[in-house]
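A short worksheet on the structure shown next.
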Amino acid sequence: MNSTHAAGMVDPRSIIVPTYHRQPKSWLVEQLTANIATHGYNVAYPVVLDSDGATLVEGNHRRLAAIACDIDAIPFVTRPTHVSPIRFGLQCNADGQLTAADDVFDLAELCWNLAQNGWKGEEIAAELGWESSAKVSYYSNIKRLLHARSWAISRLTTIGESVNDDGESVVNSKLTAVNWTERHFRSLLAALPCPNGDRAMMRAQLAVIREAQARSQQGDKRFGQTEKKVTAKWIEATAKRHAWHLKLARHAMDALVGRVKLRSRIDLIRSIRQDVYGNSEDDATWEKFTRSIARMNEEALGITLIHGDAIQVIPTLDDGSINLLITDPPYNVTAHEWDRIGTDDEYLDFIWTWLAAIRPKLAAEYHLFLFCDPKYQADIEMALRALEWPIQSRIIWSNRSLPSGRMVANRFAETWQMLFHCGNHALNWSPEWSDERFDVQVFAAPNANMADGGWHPTPKPVALLERLVRLGSKPADLVVDTFAGGGSVGEACAHVRQRRCILIERSDEYCAQIEKRLSIRRDAQ
1 MNSTHAAGMV
11 DPRSIIVPTY
21 HRQPKSWLVE
31 QLTANIATHG
41 YNVAYPVVLD
51 SDGATLVEGN
61 HRRLAAIACD
71 IDAIPFVTRP
81 THVSPIRFGL
91 QCNADGQLTA
101 ADDVFDLAEL
111 CWNLAQNGWK
121 GEEIAAELGW
131 ESSAKVSYYS
141 NIKRLLHARS
151 WAISRLTTIG
161 ESVNDDGESV
171 VNSKLTAVNW
181 TERHFRSLLA
191 ALPCPNGDRA
201 MMRAQLAVIR
211 EAQARSQQGD
221 KRFGQTEKKV
231 TAKWIEATAK
241 RHAWHLKLAR
251 HAMDALVGRV
261 KLRSRIDLIR
271 SIRQDVYGNS
281 EDDATWEKFT
291 RSIARMNEEA
301 LGITLIHGDA
311 IQVIPTLDDG
321 SINLLITDPP
331 YNVTAHEWDR
341 IGTDDEYLDF
351 IWTWLAAIRP
361 KLAAEYHLFL
371 FCDPKYQADI
381 EMALRALEWP
391 IQSRIIWSNR
401 SLPSGRMVAN
411 RFAETWQMLF
421 HCGNHALNWS
431 PEWSDERFDV
441 QVFAAPNANM
451 ADGGWHPTPK
461 PVALLERLVR
471 LGSKPADLVV
481 DTFAGGGSVG
491 EACAHVRQRR
501 CILIERSDEY
511 CAQIEKRLSI
521 RRDAQ
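Using the working numbering, read the sequence shown as starting at 1 and increasing by one per residue.
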């Protein structure tokens with residue numbers, strides 16, 4: 001067996017370090033630097049150079065420590081001719097001793113660096129004496145999929161107390177040793193890969209690593225154990241738990257609307273980490289979690305009731321905020337105070353003023369569903385056209401019931417009302433064809449007797465309004481009714497859920513009814 005040959009002294013600063021060399025361990029350089037500063041460089045441990053007398057094979061930690069101590073010359077020997085520089089360097093540690101063949105960090109970094117230098121998997125396997133290139137992939141993935149911080153923390157697990165009392169040291173903290181193997185990291189990275197520097201994934205990796213360190217301190221004293229075994233199976237289960245928690249947390253951050261309070265978000269994340277939603281992925285728990293998110297959104301979005309005149313309140317709304325406007329303005333066809341505006345001209349002036357005022361408050365994509373009496377249908381359509389509202393449909397609500405208190409001896413009974421639909425983007429049709437697509441919507445008229453539990457003399461069916469809310473808005477959209485009446489649009493939004501809703505009503509009596517009906521409190525204008 002060939003041996004190395006002593007070749008004299010060399011300036012450590014002039015030594016060439018190949019690009020495939022692993023990154024030096026800072027804590028080991030620190031230890032050696034402190035040792036050399038106290039005792040001088042031990043010539044019994046030369047660095048190993050290649051046959052050119054300039055390229056490093058082994059001893060980079062000693063080289064860096066010598067430079068740190070401002071030493072100009074250190075001893076070197078040349079490598080044995082029967083073994084390649086890579087294999088020889090892998091065999092040696094700082095004391096010139098043989099290291100364990102499964103040093104996961106050295107092997108992972110070496111495989112990664114060689115691949116970055118153009119080596120193929122088969123070539124790396126042959127160089128390291130492995131039968132299969134699959135092993136190369138396993139080790140390369142450790143360096144590729146483990147975040148740099150996770151790599152550093154997991155690697156820094158075999159040192160004890162500081163070797164240097166002067167100043168702060170990376171080795172001041174006692175860290176519990178974990179005997180990391182390729183199987184440990186394969187289990188970790190199958191659930192928590194981090195190829196792109198994802199900080200959330202990095203934090204999950206670090207959590208697993210810290211739990212592994214903590215576990216090794218929690219031995220079972222009944223059996224004289226000083227540590228619990230950190231197996232690849234345990235790493236796999238722990239990594240899957242953190243991957244599941246990360247998936248839940250990310251969904252929460254994406255799905256929660258902006259109005260959900262920070263305190264509620266913090267409580268939700270705490271519940272996730274406490275395994276309230278389980279410690280591994282399953283469909284039933286996912287469904288439970290998404291329902292929780294929906295409920296949080298519903299509570300945050302809520303319904304706002306504004307007591308005031310619509311024409312005065314509308315200017316206070318945010319421009320471009322309304323996604324869906326469903327409203328049933330006064331019809332001006334009865335003697336009731338809430339319905340009567342004035343003469344025909346005064347009524348139409350009111351409609352024009354309202355349509356013009358609300359227009360700038362609409363979002364870039366919006367829908368309007370406007371109820372009106374047949375008497376004013378033509379005039380309202382003219383106003384819509386003149387103000388350039390894009391009329392898409394004229395919908396008939398057929399109620400199939402006799403209007404209470406109206407004489408029908410000399411004409412046909414009115415069992416329908418008109419809805420104008422204006423909008424500038426697609427409705428949310430369900431994939432299956434159904435009656436909801438027809439421009440005649442058949443719904444029975446609700447009970448209008450307030451003494452019997454009705455909320456308004458001319459209520460609209462909540463089921464019809466629910467359909468309009470679903471078709472015309474998406475979760476977190478703002479739905480507005482500028483003439484709220486008994487608050488049926490608010491109830492429809494509450495049933496459909498995950499919509500913001502603003503109700504505007506000028507009548508104190510009807511505001512009181514809405515407060516009772518929806519368990520909310522008005523905002524005075």
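No residue lacks a Cβ here, since even glycine has one placed at the ideal position from N, Cα and C. None of these values were measured; they are calculated from a predicted model.
Straight-line gap, residue i to residue j (C-alpha atoms, nearest Å)
{"i": "D344", "j": "H251", "result": "54 Å"}
{"i": "Y510", "j": "K375", "result": "25 Å"}
{"i": "I67", "j": "P80", "result": "26 Å"}
{"i": "N60", "j": "F76", "result": "12 Å"}
{"i": "Q312", "j": "G320", "result": "18 Å"}
{"i": "L471", "j": "L325", "result": "12 Å"}
{"i": "D198", "j": "R149", "result": "11 Å"}
{"i": "D275", "j": "A249", "result": "12 Å"}
{"i": "P595", "j": "A356", "result": "Only positions 1 to 525 of the chain appear in the structure, and residue 595 is not among them; the question remains open."}
{"i": "R467", "j": "I520", "result": "23 Å"}
{"i": "W180", "j": "R265", "result": "35 Å"}
{"i": "G278", "j": "I272", "result": "8 Å"}
{"i": "F369", "j": "D318", "result": "20 Å"}
{"i": "Y331", "j": "K460", "result": "14 Å"}
{"i": "M450", "j": "A284", "result": "For M450, the predicted model reports a pLDDT of 42, less than 50, meaning its position is unreliable and no value from the coordinates is stated."}
{"i": "Y138", "j": "H367", "result": "55 Å"}
{"i": "P193", "j": "L145", "result": "5 Å"}
{"i": "Q97", "j": "E211", "result": "In this prediction, Q97 has a pLDDT of 42, which is less than 50 and means its spatial position is unreliable; nothing more can be read from the coordinates."}
{"i": "E30", "j": "W244", "result": "39 Å"}
{"i": "F483", "j": "D508", "result": "13 Å"}
{"i": "R506", "j": "G485", "result": "9 Å"}
Reference residue i, options the options, closest by Cα
{"i": "H495", "options": "L370, G302, L324", "result": "G302"}
{"i": "E365", "options": "H425, F371, F105, E388", "result": "H425"}
{"i": "V469", "options": "G486, F483, R497", "result": "R497"}
{"i": "A232", "options": "P195, V178, P46, D319", "result": "V178"}
{"i": "R500", "options": "V260, E123, W244", "result": "V260"}
{"i": "I391", "options": "N399, A378, S398", "result": "A378"}
{"i": "I322", "options": "Y139, K460, W397, L362", "result": "L362"}
{"i": "A300", "options": "R270, D267, L256", "result": "L256"}
{"i": "N428", "options": "G8, R359, P475", "result": "P475"}
{"i": "K247", "options": "A200, A237, G258, A284", "result": "A200"}
{"i": "L464", "options": "N399, I502, D349", "result": "N399"}
{"i": "M418", "options": "D373, R144, R270, E432", "result": "D373"}
{"i": "A358", "options": "V47, V83, I504, S292", "result": "The residue you asked about is not Ala; residue 358 is Ile in the sequence shown. It is I504 whose Cα lies nearest to the Cα of I358."}
{"i": "M253", "options": "T290, E346, N35", "result": "T290"}
Contacts around residue i, its chain only, beta-carbon distance under 6 Å, and the 5 residues preceding and following it disregarded
{"i": "V462", "result": "S488, E491, A492"}
{"i": "F105", "result": "R155"}
{"i": "I142", "result": "A108, F185"}
{"i": "W352", "result": "A383"}
{"i": "S133", "result": "G121, E122, A125"}
{"i": "H147", "result": "C194, M202, Q205"}
{"i": "E131", "result": "none"}
Same chain, Cβ closer than 7 Å to residue i, five either side skipped, listed in chain order
{"i": "K240", "result": "A191, S280"}
{"i": "I153", "result": "L206, I209"}
{"i": "H184", "result": "A232, I235"}
{"i": "T33", "result": "A65, A68, C69"}
{"i": "S473", "result": "N323, L324, V479, R499"}
{"i": "A37", "result": "C69"}
{"i": "T55", "result": "I16, P18, L49"}
{"i": "P195", "result": "R144, L145"}
{"i": "N117", "result": "T19, Y20"}
Nearest-angstrom beta carbon gap, residue j and residue i [assumed within contact, 8 Å]
{"i": "D523", "j": "L305", "result": "7 Å"}
{"i": "P12", "j": "I71", "result": "7 Å"}
{"i": "F371", "j": "D328", "result": "4 Å"}
{"i": "L49", "j": "V57", "result": "6 Å"}
{"i": "W112", "j": "S140", "result": "5 Å"}
Residues of its chain near residue i, where Cβ-Cβ distance is below 8 Å and the 5 sequence neighbours each way are ignored
{"i": "Q86", "result": "Looking at the sequence provided, one finds Ile at residue 86 rather than Gln. Closer than 8 Å at Cβ, skipping near neighbours: Y20, L110, L114, E127, L128."}
{"i": "M9", "result": "A73, I74, P75, F76"}
{"i": "D166", "result": "Low per-residue confidence applies at D166: pLDDT is 46, beneath 50, and the placement is therefore not dependable, though the value from the model is reported in the following sentence. Excluding residues within five positions, none has a Cβ falling inside 8 Å."}
{"i": "E515", "result": "L305, R521, R522"}
{"i": "A7", "result": "L49, G53, F76, V77, T78"}
{"i": "F88", "result": "V48, V57, E58, R79, P80"}
{"i": "C422", "result": "H367, L368, L370, L384, W389, P390, I391, Q392"}
{"i": "P360", "result": "D319, G320"}
Residue(s) in a DSSP beta bridge with residue i
{"i": "L305", "result": "L503, R522"}
{"i": "M202", "result": "In DSSP, M202 forms no bridge with anything."}
{"i": "R241", "result": "Answer is none; R241 lacks a bridge partner."}
{"i": "M418", "result": "C372, I396"}
{"i": "E58", "result": "V48"}
{"i": "L362", "result": "I322"}
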